[in-house]
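Peer 1:
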Amino acid sequence: MIRHRDLHVLTVGSFTFTTDGRFSAHRDESTGDWILVLRFLNPQTRGLYECTISTKPVTATSVKLSVVVPSVELLGGGDVYLDRGSTLNLTCMVHLSPKPPDFILWYHRDKTQFSPTSLKPYTINAL
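Numbering-wise, the UniProt record's numbering puts 126 at position 126 of the sequence shown, and it's gapless, one number per residue.
Below, the structure is given as structure tokens:
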């Protein structure tokens with residue numbers, strides 16, 4: 001497997017030619033397929049990867065890897081001042097996530113407030 005960004009040979013068979021421990025290759029004995037495993041992806045991992053088979057003629061296929069980094073936005077962020085007994089709705093927007101998060105953690109006074117789902121309102125009483 002070759003990484004095109006720097007033309008680095010990452011693996012040949014099960015041998016790995018990089019000191020980056022996030023890359024490994026193994027063979028699926030049931031199918032005979034070779035699998036490149038990339039762990040802990042980050043934006044620097046993105047790019048074109050090529051699998052080459054040493055046949056005559058040489059056979060190769062490529063895949064373009066994109067890595068998205070989710071971000072969060074607190075709507076109406078900043079300092080908020082309210083009268084005692086008022087109600088405050090805080091909305092956390094998650095952007096660029098390939099799938100909805102399983103949960104969102106809210107913190108108040110250094111304590112975690114668990115939100116069971118990102119898609120339903122969650123109420124904390126007596127703040």
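Note that the Cβ used here is the ideal one computed from N, Cα and C, for glycine as well. Here the structure is a predicted model, which is why all the values come from computation and not from measurement.
#1: CB Leu75 to CB Thr91, shorter than 9 Å?
#2: For Asn81, does the count of other Cβ atoms within 10 angstroms reach 16, so buried, or fall short, so exposed?
#3: Judging by CA-CA distance, which residue of Lys99, Leu7, Tyr107, Ile53 is the nearest neighbour of Asp33?
#4: For Tyr49 versus Leu10, is the C-beta spacing smaller than 9 Å?
#5: Where does Phe23 land, buried or exposed, given buried means 16+ other C-beta within 10 angstroms?
#6: Which residues mark the beginning and the end of the beta strand (DSSP E) in which Thr29 is found?
#7: From the DSSP output, in three-state form, read off Thr19 for me.
#8: Alpha carbon to alpha carbon, how far is Leu41 from Lys56? Give it in angstroms, no decimals.
#9: Report the rounded CA-to-CA distance for Arg5 versus Thr45, giving the unit in angstroms.
#10: Taking only three categories from DSSP, how would you classify Thr61?
#11: For Gly47, write down the residues that DSSP places opposite it in a beta bridge.
Peer 2: Working from what's here:
#1: In this structure, Thr91 lies closer than 9 Å to Leu75 by Cβ.
#2: At residue 81 the sequence reads Tyr, which differs from the Asn that was named. When all chains shown are included, Tyr81 counts as exposed.
#3: The option with the nearest alpha carbon to Asp33 is Ile53.
#4: Tyr49 is a Cβ neighbour of Leu10, given a cutoff of 9 Å.
#5: Buried, because 16 or more other Cβ atoms sit within 10 Å of the Cβ of Phe23.
#6: Note on identity: in this sequence residue 29 is Glu, with Thr being the wrong assignment. Annotation: Glu29 is outside any beta strand (DSSP E) and is labelled neither H nor E by DSSP.
#7: Here Thr19 sits in coil by DSSP.
#8: Pairing Lys56 with Leu41, the inter-Cα distance amounts to about 34 Å.
#9: Between the C-alpha atoms of Arg5 and Thr45 there is a straight-line separation of about 10 Å.
#10: Thr61 carries a strand assignment under DSSP once its states are collapsed to helix, strand and coil.
#11: Within the DSSP bridge table, the entry for Gly47 names Leu65 as partners.
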